[in-house]
Each structure stands twice: as structure tokens, then as C-alpha cells.
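Protein chains in written order, with the working numbering: chain A, 1 to 368; chain B, 369 to 736; chain C, 737 to 1104; chain D, 1105 to 1472.
What follows is the structure in C-alpha cells.
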């Protein structure tokens, strides 16, 4: 079975729905045509629990056909490379890679090498500034061991497909945690119709944040209701100093400018607020958004002086803001629902959120 | 009875509590020692429904003893003057005024004139850049009529006191709306203890935003449950194009630097997300924060070369982030609970949120 | 003779040229078709030396046809209102007004009232956030006396014309100073050709900054060569604490997006660096740029869902960057050359830069 | 002879001085006590012309004793990692590495591995986000060949010393170009006295930008005077699409906060403007500043709740702004003067700026 296939349950399988907008076919970031996701999951022995997740923003080469993009930082305790250039040009020019904190360099190098295979001019004539983001998996993973290799990066990039997206303990999310439960990769999507034209907003998160007591599921204080199932930490071991992070990738096929995509990113905090984030000090809450609408891309090899591109009138954006908020909240909860118990380095252990207890609590609060 | 006295009910009077941190004495921004609030409420005839709210950040003169401050913009469709200088210096040097969109000029001029009465050097030797913010009350108020005068500005500044703070249809909040109900001014506070030292985070909002269906009270979808009590708009009248805004003032006596205060501001989106904001296109979601800890202020007339000021270690900020999120959410809900039905220009009308139905819905969702 | 007519000499009249790009017809911001400038100059008795300058960005109403725009802050010790909304929407929706520091409120109020005369929907249906900027003229002007009235604001807005632009001691620049000489309003323009299509970049500055020793004219250290002609300050008087500021307005008819206009603004520092700015602590170095290309504007009353607008490919921007740098540097020097000796409040006095000595120094350094 | 020793001539050796402030002992960034610079220069065969430069911000470990820091972007067409965290925390927590565009990943990985050797808790308990910056050397260097290895990174970090700093074709600057001449590494410093206390501002640049015609030396249009000595490009070869970049590191021992250090960075544009930068589209003009004043650092392992740190009053910063402007301009010119002719990949060639002609031009313009 190929890795990138949905086999874990999802929030909606438990009867829980976030928001009111309809989802795309797969309720996944890949509902945006052309977006492809690849995971390289690295689980070896007792201590290696990490990986890489690759996001191809469009069906061809983002190096050649650069989509409008924006990066916004809600709390900056993390890394997302490429930010200065995305700010300046309003364009993405590489796939997006997500991995662990100490493997940013390897993912960056791997991305350059992979792109050079496709693009012979990268180096002697052109250059590219890749977008690589990270969260910290050092509680479950031997992060100092640098187990992500360039081959894993190639594997994530080469195996990427559309359709259903594997969630939970996969790719860059392999060793991540959410609200003191096991976390990881999650995804969701929403459809927005503007004058008979249907657009998709898709979100993928690598979720690794949250304080147990703050967890909200559709407004229900689930975290306060589940006081057991805490992280198990090996005796005599110091707790990692970092309390979490989340990388959010927002994709759309709606024609939006880089300024408008930045507006979408800034709604990320609203979505995270709805699941109970307080954006703690050590959390890198980093968002990147792109529009792969073909008519909005900039062709690197086109020498026309004037580009004429469409964009939605800003006064039409409210449903896209709502879609972004809903899809981010549901992506985090999908990561939480998909993730499975994991024991990692030194016997450290994180529990999955138990589905039956979640349903029971939702019933108690009048939601099921 | 002086205007600035609490006579309207509050969220906690209905048995509803937001979050888990304790509040200050008055559950108001004035729990931060030295902070004083003044309202000038202007209700005249059928069409004038507006006002000014003044926030004195400390007991003396902010012109002389400038407190560390920060301004952050979540959605910029509004005005907060003084932002460039607050960014550059990290200091506030005036009271903060909040009024309607078209009265920013009058409030600015009034603030300068009021400060000149206190500070003879303002003008010939020194200058000051005041902080004036606004939301739009043109649905209920004849906003084009410019009914705010310099006297109203002086009145708000001069009448300011500590202690309980009037909420709802008062001051700058007089003609404002929230989630399709009547809105206005709201306030709340939280206490944070760090190594036996207790600090206060106080919030005041002028709330004028929100889509009915999105309203959440402690996670309960109250807006979806109350489908009647809509705004009444006079026949043949066009609806105002602006859908809302919120001004948030965050005060604390904890020793925090301007960078740290900006971090507090950025948590505002989380608090707004918890009550159901999607930060719509036309919403000016603007936040200003200051610390009036005496040892953090900069004295304008002191010529020492080196300032030595304390600040909390950033790793101690998480409870302050939580306090900010909770106090913002509760301030918005306090504004909603305090506001009363209002009929304004052309017979336009907004209903108050009915308290009995709110309690009934909270019971239905297992919260009361 | 109408006020807005060029009667003072200019840098090029002295044989000095900045940069290599050609200028427009008038070497003025008004070379950008549609841009109109109006000055209201207020000189009364011994102590009133101030005014207002108005910039209409296009031939019609910026309220109805909003041009792409950007604001950038190089040193934020000053005020430019409207910044948050320009950031968020990337649009200008009012004329731009420039006045003294304490008259921002009056100019703001005046702008709203003037616009309401043109736009009956402003207030009941629409709102507008004007752009008002300032520099400090308290050395020569009785700034605390608030001598700018709403009538002066109307006068500047109503008298605006295209063609030659009065420079030096006019409008908002009346009481301003540059490098310890008299300063004020200056303007310049450059032409850029892209594939046979000619575009104009025009600049207008209200210049009020600089340390004598730092003044550079085309790289020549003129400030170090003129050690006399210092400001005369009345005995026993304290010097104002603020050391300067500059407001820069950049206009173009090239099709540029708000992101690209922000890039132009950021080149402002390069132009200021070339005349010797060190952007001192108290200097508000604030820039606003707009493109009034008709096909780039957003019509407020148009309800189309999709806007299709042209923009130059970013890789074509380098000559625009150079044009901006050159035109800013020349605008500052034009203000300096046009300004005339002025005695103001309490007998304080600023000298004009003497043209003969400037020419002599340029000769000494091999430039004439 | 150790690599990091000054053997090439400097601007002042030619009798040319920039600005008026005094320099430190070595007129180098290392005049700031504790700052150490290491170069790994990689010149192999006909085509390898690259390297790595390391900046240690203080004598001990920046991981343990984090100095206040800021990053600012003047034109963002480049990479500087770590920016989000430096923005959020206002602290640096690693050495700074500068290399070529495609070696950012290797330098990042190398930095992490080097730090892990010093800091056993990096990984299992703590994490670190390194600062790695780049400019593009693909005209002279086989940049796609990835000739920078982790060993080179270690070499640069381990060989770092105080004292004189090698300039020109060394370290990360090995294959870089300035104004169509050979460029590379340059450094300079200035002393500022505040109330009898002397502070140092030191700058190091990796300079790789500029259009020949724009080059200014102390205001003299040297670039327009030297029209020959152009880059030689191998026949049939396409010119690289990127036109330059500059990385600026600003160090000081003055007690400055992160906000104040950002103010220093923003003066970078003024210094670059004085040597003729127009900040072209493809230029990554990125600046990082830090203060290593011991009393301003944050100790990672200290658990005190309150930090009490000094900073200079902002009103004392003007000489620091001037020092920064002067030292940046002189650093760029030092890089230009130190660099030597270089032939690289495919026979591409860049000439050094000829010293005799520079002196001759300066004489012609009355400067020598």
C-alpha cells in the first residue's frame, strides 16, 4: 500500500463537523487541483521517530511557474526559510518541505539538489530560495542524531500524489504531539462559491502544540475533561524546553494576490484560537499560503514587460477567511484523531486521543 | 450618578465564566493600578448616538513618563494614529482615545489641546503624537454630522476614573454593534502570579464586529441558536458597507518591554477567534498594549544616558498570553451583555442580546 | 499670480544635475498625468509660519477610483494616518495632506468634510480613512497656536493644479528647515522607458531634516564647507527637541501593484542617504507611493467579483528604483535651493542656502 | 600565515577616509570585544571559488548567553535564516554564517552539528535556530557543484579569531563581485563616546552588488569614470539572472535593545546609498545586528523571573546611526579595495578595482 493513503479515521468519521462550509472531495489540501503531498516517514529502532513532508504547490514546476504566495508569522519561535524573498516578490519558487527542527539544513540542501535535477539552469544562471519549515520532535525522536537524509527528502518529493492524504504519525509529523496527546499531520478543505464559480481552500498542518487543558473541539472543553493519558517521560530525564509549534500550509485555486494570501494567513490565528491555542512562548506558529490559479502564476522564462493577472475583489474574501479558519481548525483536529500511540527515545510515550471518550464528551455537551 | 459606574449586568452575573484565571477586583482594565477610563456619551434627538472613550495609561502624565507600548494590526481596515512612533520608540506618550471613524481628527486635535493645558512645553519645545482609534457607528449614528466636539474629548479625558467601568452603550461604544446585536464598550481583567508577585492584565474593547451565525460564548454556538432579533434597517436605505471593527486596549502592571507587549497584542486574534471573529474584510481589528510599571517608564525630562529597566523573562509570558486571550474574549462578551436596545438615525435599530435566552442556550449545551 | 507657480530657482538652474535619467516636462510630481498639488501658505504677523499641502493622486476622485498605494516607514518618529488600511487593502482612498505636527487632527477633519461635499455616501454608507502626514515647524512657527484651520485645508485641496509646483517656503513646508538652512517643499521627476512605453516617476517632499555637516550635493560635502549661516535662536530659548523629518510622496503612472509600490518606497532611504541623511532619532521619515494608472485602480462602486489588472514584471523595476532614488535626492535639494530666509516666532531665524557659495563649492570639487 | 590576517590594502591605505568618526584599533568588526571572525576559503581547480565566513558574536557561547539582536530586510531577494525567531525573541542564539546561495543548507546543518559538540543539551532538551545568510557567486564559482562541506563550516567556526580580519577574496566572499569589479568581504568600525564611556560599532559585509555606473567613493562618481575593466563572460554563456546582494553584520558593545538594534539595521540603506546602491530587484540586502554587552545578554540556563538590563536612551543613538552608516559604506569600499582579479568557472573573469586609477579620480574631484 503506498504510504500516502488515508487509512486512519478522521474527525468526521466520529460524527464531528467543524463550521458550516462544504468540504472538497477528499476534505484535504489536495482538493486544490495540482497540489500533491508526499511523506517520508522514518521510524527505526527505539529512538528514531521523524520524517519529511513535501508539498508541491502545482502540477508542474514551481521553479518555472511561480505561484503568488505569502508567509506570515503568528509566533516566531521557529524557522521557515524563504520568507524574505516571498515577502519581496510575492512568489513561491520551490516545493515546501516540513521536517524536524534540526533537519532544516538537510531538507534545504535536498530541495536544491532535487530541483537541480529538474532545472539545469538552477546554479549557473538562476537561483532558488526554498521554503523549509520545522517543528520539534525531540521528545519522541533522537533529534540530535540527524536521521533525516537527502534521500528521505527526495523520497518525500518524488512520492507526492494528489487524492487522499495520510495523516497523523506520518512524514514530518511522525514524532509530533498536540495538547499532550500524539499529534502530527492533518488536512482539511472547504469550498467557496463566487458568482457560480467554485473555488477550493485546502489546508495541511504539521501540528505539534498545545496545553492539554486548553483543547477545544468545536467549542467543547475536551482537554479539561481528559485529565489522564499524560505524556510518559523517562525517569531522570529533563523535559524538552520547547512547548510546541505548528506549520500551516494554505492552498487555493482562487485567483488571489500575494497581499490577499497574507490576509488568509493572518486568519490562521483565529482557527488556532478555536481549538485552544494560546500561542505559547516557544511555539513557532508559521503559515504559508499560495494560489496556484494558472492565470496568476509568473513564468520565470517569460520576458513580457507587463503581466496581467486576475484577482478576486477584496470585498469577496470573507468566505475565504471563514474557509481558512474552519479548515485550519479541522486540520488540527484531524491530526489529533489520526495520530496513534507512540513510544520513542528513552521510552518516552504519547497517547492518542481516545475516540470513544471524545464522542462521549461531545455528547455530554450536547453536540452528538 | 457619575457616568463611569457599572450599572449594567455582566457576563458573570449570568453565571458564565470565560477561562480559568482569576480576575482583578473589578474585572476591569482599571484593576491595573493607575489606569483610568472616561466616557463621553453623546445621545441627542433621534439620530445622534456616538461618543468618546479615554484611557489614561497611568496615574500621572504619559507625556512626561512614557510607558512601554506596542500596537499590532490584525486586520487593518481602520485607523489607529501614533502607530509609527509607537513602533519606533516602543513608548506611548499620550492618553488613548477611541471614537467613531469620522471623528478621529477632532479627537486628535482635542487630545493635543488637552495635553497642551497640562504640558506648556508641548509645541514650542516638545511634540507629541497621540493615539486615536475608531470604529464605525454609521448604522445608528448620524456619523457624517460630526457630533463629537473638542469639549466631548475634554469631558472624556477629565472625567476618567479608576474603579468600575461603565460598559455597553457608553463613550465611543455608544452606537456600536456586535454580531448583529447591540455592542459597545466591554472590559475584563486577569491576575497572573510570578514567583509570589501578582500582576494584572486588563483589557478594554470598543466592540463593533461579527457575523451573527459565528457568535460563540465559551465555545457554545449562541449565534446559530438566535436567528431572530435582527438589525432593523429603515426601508429604502442602503446598508453601510463596513461590517465591523474592534479596538482592543491591553494594560498591565507587569514589567514588559515593547517587544513583549507586541507579543501580547498578537494573542488578540486568539481571543477574538474564541468568540467567533473571522476578521472580515472591512473590520479594523487594532490592538494597543502598554505596561505602566513605574520602573519601566521613560521620563521625558530625564537626561541619563543609560536606562536600566526590568522585564520578565520571555519564558514567563505564557500565563500573560492566556490572560490576554481570556480577558479579550470576556471583554467582548461583557460589551454584548451590557449593551441595551438602541434605535438611532432613520429609525435603524439594534437589539440587545437577551440574557434569558443566552442562559437557556448555555444550559442546553451543558454549561449551566 | 496664483500661489502654485514656480518662481523660485531650482537646482538645475544652478547647473547641478542629480543622476542620469531624464526628467518630465516640469521636473515635478505633476508630470505624472492627473497629479495635482495645492498649497495653503499661512504667514501672519511675527510668529505664524505654517500651512498645508494637498496632493490629489488622480484627476478624478480617489474615493471612487482607488489607486494602488503603499506606505513605508524608514524612521517612525512622526505621523502618517491611514497606514493600517493602506497596508491591508493596498489602496489609497483620499487625497494626501501634509501639514505641521500638531495640525494633523485639523487636516484629518478637513479632509473628511471636503470629501463629504463630493461624496454624499461618505458617512451613512461608506467611510474613508484619509492619509495625513506631518513634520514639525515649531522653531519658526507658533505651532501650539493651531493656526491651520479647516478653511486652509479646503483651500489647499481646492486650489490644486497640475503643471509647475511652487517650492520652498510654501504650503506645509512654509516653516520647515533642512540641514540647518531653510527648507520646505521640493519636487522632481524622472522618465523611464519600458519597451517603447514611457512612464513617469514623480516625487514631492516636505523636507525638514538633516545635520549641517552631513549635507551632500551630488556627493560633494557642501555642509562641511559652509560652517556659518547657522540657525539663529532667540536668547534664553530652549531648542526644540525634534531634529527633523521628511515626508516623501512618490507618484507614478506605471502599472505597479501595492507590493511593488512598497518596493519603491523602500528605495527612499537610498535617495535620502545620497543627500546626507542619517535618519536621526527624532526624524519621521515617512513615504507614501501610488500608481494612478487607470487600469490599476479599483472602483468603489463596481461590483465585479474579479479584477484583472496589469503590472510590470518585477524584473523591470530597476530603472524605477533608480528613478525614485534620483527624484527623491533632487526633490530635497530643490526644496533647499528654493527656500528663502525666514524669521519667525520670537525672532528665530533660518538662512537660505546661498546659491553662489553652492556653485563655488561644486566648482572646487570638479563638478561645475 | 593564518588565513585570517590582513595582507591586502585597505581604503585608508590609499588616503581615502569615509566620514568623520574615529575607527577602532583594527578598523574592523573585531574591534568590538569578543567578536571573532573565521573564513574558510575554497579555491580549487578552474571552477571552485567559494567559501564560508563565520561570525562569533561574543567570546563565549551565544547558545548559552544570548545577545540582543535584530534582523532587517532592505530588499528581500535572498536568505537569512533565523529571522522569525530573532524577531520574536530579540535574541541571537548561534554564530552567524555567510556562504553562497545554494550552500545555506550545508551551513545550517554544519552549524547545528558544531553547536551540538559544544552543547550536549541541544537536541534532547533545547533547540537552536541558526542564522545563515548568503549571496550568489555563480558567475565565478561552480555553485551547483555544492563545494561547501560541513568540514568547511567547522573550519570557519573553529579558526575564528579577533584582531585584523582578512578581506576581499576570502571566506564567503571568495567568488563575489561589487559594481562589476571583484568584491567580497570587507569590514570597518567606528567609536562613539557617550558620557566618557567609549563604545564600538563594527561592521562586516559580504558584498556582491552594484551597477558599475552607480559606484560612489566618498561621493565621487568613480563608476562613471572607469568604463573599461568589465566582467569577462565566456562566449555563448548566459549571464546569471541575479544582479547582486549584500549581507551586513553590525556588532556593538553598547547596551542596546533588540528594538534599538533594528534601528541600526535600518540605517544600512543609508550607508549603501552612499556608495551607490539602488537595491536592485534581485539583490538580497539583509542586515543583522547584535549587542554583546555582557549585561544585556540572556542566559539560557538562568531561571530568574525578572531580567534587569541597561540600554542607552534612544535620544543618545544618533552617533550610533552615523557610525553605522559610515562603517557600512567603508566596509563595502574595503571589500572592493582588498579584492584581487579572479578567473573562475568557464573562464569567467572579474577585475579588481585598480588602486592607482581610483586615486587619480579622487584627485580629479578634489579629494586627494
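C-beta: ideal position from N, C-alpha, C; glycine also.
Please list the partners that residue 1409(D) has in chain B, where partner means a Cβ-to-Cβ separation under 7 Å.
Around residue 1409(D), the beta-carbon contacts reaching into chain B at under 7 Å are 562, 563, 680, 681 and 684.
Consider the Cβ of residue 872(C): report whether some Cβ of chain D lies at a distance smaller than 7 Å.
No, residue 872(C) lies away from the interface with chain D (no Cβ there is under 7 Å from its Cβ).
At the 7 Å Cβ level, is residue 7(A) part of the contact set with chain D, yes or no?
no
For residue 520(B), three-class secondary structure by DSSP:
helix
Taking its Cβ as the centre, do 16 or more other Cβ atoms sit within 10 Å of residue 1459(D), making it buried, or is it exposed?
exposed
Where do the N-terminal and C-terminal ends of the alpha helix (DSSP H) with residue 1330(D) fall, by residue?
That residue, residue 1330(D), is in no alpha helix (DSSP H); it is neither H nor E in DSSP.
Where residue 391(B) sits in the DSSP three-state scheme
Reduced to three states, the DSSP call for residue 391(B) is coil.
Exposed or buried, residue 364(A), counting other C-beta atoms within 10 Å across all chains shown (16 or more means buried)?
exposed
Along chain D, in chain order, which residues have C-beta atoms closer than 7 Å to that of residue 1016(C)?
Residues of chain D passing the Cβ test: 1422 and 1425.
Let me know the secondary structure DSSP gives residue 558(B) once reduced to three states.
strand
Cβ-based contacts, 7 Å cut-off: residues of the region 225–240 of chain A near chain D:
238 and 240
Report the start-end ranges of each alpha helix (DSSP H) in the region 1386–1462 of chain D that is 4 residues or longer and not cut off at the edges.
1422–1442
Given that residue 90(A) touches chain C, what residues does it touch there, using C-beta distances under 7 Å?
995
Can you tell me where the beta strand (DSSP E) with residue 245(A) in it begins and where it stops?
245–252
How big is the Cα-Cα spacing for residue 1106(D) and residue 1072(C)?
The predicted position of residue 1106(D) is uncertain, since its pLDDT is 48 and thus under 50; a value taken from the coordinates is nonetheless stated next. Approximately 52 Å, taken between the alpha carbons.
Could you compute how far the alpha carbon of residue 309(A) sits from the alpha carbon of residue 825(C)?
17 Å
Verify the CB distance criterion: does residue 151(A) have a CB-CB separation below 7 Å to chain D?
no
For residue 918(C), collect the residues of the same chain with a Cβ closer than 6 Å to its Cβ; drop the 5 residues on either side in sequence, then sort them by chain order.
1075, 1078, 1086 and 1088
Buried or exposed: which applies to residue 522(B), given that a residue is buried once 16 or more other Cβ atoms fall within 10 Å of its Cβ?
A residue is called buried when at least 16 other Cβ atoms come within 10 angstroms of its Cβ; residue 522(B) meets this threshold and is buried.
Residues of its chain near residue 1123(D), where Cβ-Cβ distance is below 6 Å and the 5 sequence neighbours each way are ignored:
Cβ within range, chain order: 1430.
Nearest-angstrom Cα separation, counted from residue 1103(C) out to residue 954(C)
9 Å
Could you tell me the boundaries of the beta strand (DSSP E) in which residue 1148(D) lies?
1140–1148
Proximal residues of chain D, C-beta to C-beta of residue 776(C) below 9 Å:
For residue 776(C), no chain D residue has a C-beta closer than 9 Å to its own C-beta; the minimum C-beta separation is roughly 33 Å.
Between the Cα of residue 66(A) and those of 73(A), 92(A) and 77(A), spot the shortest distance and give me the residue it belongs to.
92(A)
At what residues does the alpha helix (DSSP H) containing residue 457(B) begin and finish?
Run containing residue 457(B): 451–457, per the alpha helix (DSSP H) assignment.
Where residue 1403(D) and residue 683(B) are concerned, what is the direct C-alpha to C-alpha distance, given to the nearest angstrom?
12 Å
Sort 1306(D), 1201(D) and 1217(D) by Cα distance to residue 102(A) and report the nearest one.
1217(D)
Bridge partners - residue 1286(D), DSSP secondary structure assignment:
1281(D), per the DSSP bridge assignment.
Answer yes or no: do residue 29(A) and residue 215(A) have a C-beta to C-beta separation smaller than 7 Å?
no
May I ask you to list, following chain order, the residues of the region 721–734 of chain B that have a beta carbon less than 8 Å from some beta carbon of chain A?
So the close ones are 732, 733 and 734.
For residue 346(B), the residue or residues it bridges with in DSSP
There is simply no residue 346(B) to check, as chain B begins at 369 and stops at 736 in what is shown.
Of the listed residues 479(B), 492(B), 407(B) and 626(B), nearest to residue 969(C) (C-alpha basis)
492(B)
So what's residue 534(B) in DSSP terms, helix, strand or just coil?
DSSP places residue 534(B) in coil when its eight states are reduced to three.
Spell out whether any CB of chain B is found under 7 Å from the CB atom of residue 1134(D).
no
What span of residues does the beta strand (DSSP E) with residue 1132(D) cover, start to end?
Residue 1132(D) -> no beta strand (DSSP E), and no H or E assigned at all.
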